Amino acid sequence: MELRDVRRLTGVEITPYDISGGSPGQHLGLPSATATLIVDLADGLVLGTEGRSETDTFRCCLAGMHLRPVTIHHDGSQVGVQVSLSPAAVRALFGLPVGELANGTSELAQIDTDIARRLHDQLAQAHPDDRAAVCAGALVDIASDAAPFDDAHAAWEYLARRRGDVTVAELVEQSGWSARYLTRLFTAEFGIGPKQAARLMRFDAARAGLEAGRAAVDVAADCGYADQSHMSREFTDLTGLSPRSLLRRRAEEFG
Amino acid sequence: MTERRDTNIWAGITSDDPLALRDWLEQLGFLPGILVEGDGDGEVMHSEMLWPDGGRVMVHSANKADSTFSRPVGSGNLYVVVTDPDEVYAKAQALGATLVREMEDADYGSRGFSIADREGNVWSFGTYAG
Chain Y
10 MELRDVRRLT GVEITPYDIS GGSPGQHLGL PSATATLIVD LADGLVLGTE
60 GRSETDTFRC CLAGMHLRPV TIHHDGSQVG VQVSLSPAAV RALFGLPVGE
110 LANGTSELAQ IDTDIARRLH DQLAQAHPDD RAAVCAGALV DIASDAAPFD
160 DAHAAWEYLA RRRGDVTVAE LVEQSGWSAR YLTRLFTAEF GIGPKQAARL
210 MRFDAARAGL EAGRAAVDVA ADCGYADQSH MSREFTDLTG LSPRSLLRRR
260 AEEFG
Chain U
-10 MTERRDTNIW AGITSDDPLA LRDWLEQLGF LPGILVEGDG DGEVMHSEML
40 WPDGGRVMVH SANKADSTFS RPVGSGNLYV VVTDPDEVYA KAQALGATLV
90 REMEDADYGS RGFSIADREG NVWSFGTYAG
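Chains as they are written, first to last, in our numbering: chain Y, 10 to 264; chain U, -10 to 119.
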């Protein structure tokens, strides 16, 4: 379920999941140009990050944008609701710049106890089929009208409309600021620079194209990669896997 | 006399691989500051790395269009005032950094050492603070 321009809550994608009786495994949380909110309705969400042996367990987990994959460990049953949030939606819901969540994963209760409790309670009581609608309703209730619209968000929107296929020089020209000043504004708001944001948006678009079954060579050209091997390098940088391996891995996870 | 805070001169370094150099500096104890990337692969238009005790350096790619601030790669020679040189020395060893000058206690009361980064810039760390 998608929310677009409901009380200025835009770029919100709600995905309930209810998987049981599977075998224990690991799900790859991919880098993306969105923040992620997961309300776990089972025994807690167990996350691991690269290069760390320990894992953390969350009930309502809010994660900022990250440039490396996160591993989600599960025992075969996963019940909850995943919400991907644009930076503007993070502002509208939680009143903070997504940059404050950059490369980190937080228990939502530590950011807003009341919202975390209400979301979890309402979703736990909802019938599984109604979870998307209940989640949408709860988010709309939370969202404040005071959505941001400043130069950083304008630059983000410009990048997003072009799915990241914008040069830094063009973005700077468009903004009217110097590269240095724009990057400072942008990084303060989003936690990553314009180039990294563009990489993530482009990756999101390319992955969607490949997952829809389009030919890699066409996807690479459409998304503005220099060539197919450039796209491959980007996938490996961001996920540790080539496009082909990533698709196989995702098919196994969700197949 | 008020206490001097010597953070007002920033050294600049032209680098072939600024992202790698930033990473190396971070492993030595610098904190990552602003990073303004360019359009080319690994290109950095402007960036800053901050030393926790004060001071910072700017690390950037050679600008092909405008060479005003580009210098030959590897020509940097920088001195970083540090309260605990042995801690940085241990990090440098762990990084396998090329040692240019062994740790020494100089007669002017400084304890420090020098290493070279992969591009040949020399970085000295010492307790002498003027």
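The beta-carbon is built from N, C-alpha and C at its ideal position, and this holds for glycine as well.
Everything numeric in this text was worked out from a predicted model, so none of it was measured.
Near-chain Y residues of the stretch -2 to 30 of chain U (beta-carbon distance less than 8 Å), N- to C-terminal order: Ile23, Leu24, Val25, Glu26, Gly27 and Asp28
Residues from the stretch 166 to 187 of chain Y in contact with chain U, defined by Cβ distance under 7 Å: Residues are counted here when their Cβ sits less than 7 Å from a Cβ of chain U; for the stretch 166 to 187 of chain Y these are Thr176, Val177 and Ala178, given in chain order.
Taking 7 Å as the CB-CB limit, is threonine 192/Y close to chain U? As a first step, residue 192/Y must be located in the first sequence, where it is residue number 183. So yes, threonine 192/Y belongs to the interface.
Along the beta strand (DSSP E) that carries leucine 219/Y, what are the first and last residues, could you check? Position 210 of the first sequence, counting from 1, holds the residue named residue 219/Y. Segment 203 to 220 is the alpha helix (DSSP H) holding leucine 219/Y; no beta strand (DSSP E) there.
Taking only the alpha-carbon atoms, compute the straight-line gap between serine 64/U and glutamate 182/Y and give it to the nearest angstrom. Numbered from its first residue, the second sequence carries residue 64/U at position 75. Numbered from its first residue, the first sequence carries residue 182/Y at position 173. Roughly 33 Å separates the two Cα atoms.
Which residues, taken in chain order from the stretch 196 to 226 of chain Y, show a beta carbon closer than 7 Å to some beta carbon of chain U? The stretch 196 to 226 of chain Y vs chain U, Cβ under 7 Å: Thr196, Gly202 and Lys204.
Under 8 Å (Cβ pairs) to chain Y, residues found in the stretch 32 to 48 of chain U: Met34 and His35
First and last residue of the uninterrupted beta strand (DSSP E) at alanine 44/Y: Start at 1 with the first residue of the first sequence, and residue 44/Y comes out as number 35. 44 to 49 is the extent of the beta strand (DSSP E) around alanine 44/Y.
Cut-off 7 Å between Cβ atoms - residues of its own chain near proline 41/U, not counting five sequence neighbours on either side: Within the second sequence, numbered from 1, the residue matching residue 41/U stands at position 52. Excluding residues within five positions, the ones whose Cβ falls inside 7 Å are Gly18 and Leu20.
Using a cut-off of 7 Å between C-beta atoms, extract the partners of arginine 77/Y located in chain U. Here residue 77/Y corresponds to residue number 68 of the first sequence, with the count starting at 1. Residues of chain U passing the Cβ test: none, with the nearest at roughly 14 Å.
Which residues, in chain order, does the stretch 53 to 65 of chain Y contribute to contact with chain U at a C-beta distance below 7 Å? none
Cβ-based neighbour list, proline 137/Y, same chain, cut-off 6 Å, excluding 5 preceding and 5 following: Position 128 of the first sequence, counted from the first residue, corresponds to residue 137/Y. Once the five neighbours on either side are set aside, the close Cβ partners of proline 137/Y are Asp27.
Less than 7 Å between C-beta atoms, sequence neighbours within five positions excluded: which residues of the same chain meet that for serine 241/Y? Here residue 241/Y is taken as the residue at index 232 of the first sequence, counted from 1. Answer for serine 241/Y: Ser251 and Pro252, listed in chain order.
Leaving out the 5 sequence neighbours to the left and right, which residues in its chain are closer than 7 Å to serine 103/U when beta-carbon positions are compared? The residue given as residue 103/U occupies position 114 in the second sequence. If we look at serine 103/U and ignore the five residues flanking it on each side, its Cβ neighbours are Val89, Arg90, Val111, Trp112 and Ser113.
Residues of chain U with CB closer than 8 Å to the CB of arginine 189/Y, please, in chain order. Within the first sequence, the letter at position 180 stands for residue 189/Y. Residues of chain U passing the Cβ test: Ile23, Val25, Met34 and His35.
Measuring straight from C-alpha to C-alpha, what distance separates glycine 146/Y and serine 153/Y? As a working note, residue 146/Y is residue 137 in the first sequence. As a working note, residue 153/Y is residue 144 in the first sequence. Distance between the alpha carbons of glycine 146/Y and serine 153/Y: 13 Å.
According to the Cβ coordinates, are arginine 126/Y and leucine 132/Y closer than 7 Å? As a first step, residue 126/Y must be located in the first sequence, where it is residue number 117. As a first step, residue 132/Y must be located in the first sequence, where it is residue number 123. No; because the gap between Cβ atoms is not below 7 Å, this pair is not in contact.
Name the two residues that bound the continuous beta strand (DSSP E) containing valine 181/Y. By 1-based counting over the first sequence, the position of residue 181/Y is 172. First-last for valine 181/Y: 177 to 184, but that is the alpha helix (DSSP H), not the beta strand (DSSP E).
According to DSSP, is methionine 240/Y helix, strand or coil? Looking up residue 240/Y in the first sequence gives position 231. In this structure, methionine 240/Y counts as helix in the three-state DSSP scheme.
Three or more beta-carbon pairs under 8 Å between the stretch 198 to 214 of chain Y and the stretch 70 to 78 of chain Y, yes or no? Yes: the two stretches touch, three or more of their Cβ pairs being nearer than 8 Å.
Decide if the stretch 25 to 41 of chain Y is in contact with the stretch 98 to 108 of chain Y; the criterion is three or more beta carbon pairs, one per stretch, under 8 Å apart. Under the 8 Å Cβ criterion, the stretch 25 to 41 of chain Y does not count as touching the stretch 98 to 108 of chain Y, having fewer than three qualifying pairs.
Taking 7 Å as the cut-off, decide whether the C-beta atoms of tyrosine 78/U and serine 99/U are in contact. As a first step, residue 78/U is located in the second sequence; it is residue number 89 there, counting from the start. As a first step, residue 99/U is located in the second sequence; it is residue number 110 there, counting from the start. In this structure, serine 99/U does not lie closer than 7 Å to tyrosine 78/U by Cβ.
If I follow the unbroken alpha helix (DSSP H) through glycine 146/Y, where does it start and stop? Looking up residue 146/Y in the first sequence gives position 137. Taken as a continuous stretch (DSSP letters only), the alpha helix (DSSP H) holding glycine 146/Y covers 140 to 151.
Where leucine 168/Y and threonine 248/Y are concerned, what is the direct C-alpha to C-alpha distance, given to the nearest angstrom? Position 159 of the first sequence, counted from the first residue, corresponds to residue 168/Y. Position 239 of the first sequence, counted from the first residue, corresponds to residue 248/Y. Distance between the alpha carbons of leucine 168/Y and threonine 248/Y: 22 Å.
Determine the contact status of cysteine 144/Y and isoleucine 47/Y, defining contact as a CB-CB distance below 7 Å. In the first sequence, residue 144/Y corresponds to position 135, counting from 1. In the first sequence, residue 47/Y corresponds to position 38, counting from 1. No, they are not a contact pair.
How about glycine 202/Y and leucine 24/U: do their beta carbons lie closer than 7 Å? In the first sequence, residue 202/Y corresponds to position 193, counting from 1. In the second sequence, residue 24/U corresponds to position 35, counting from 1. In this structure, leucine 24/U lies closer than 7 Å to glycine 202/Y by Cβ.
Rounded to whole angstroms, what's the CA-CA distance from leucine 255/Y to aspartate 246/Y? Just pull it up for me. The sequence position of residue 255/Y within the first sequence is 246, counting from 1. The sequence position of residue 246/Y within the first sequence is 237, counting from 1. Spanning the two alpha carbons is a distance of roughly 12 Å.
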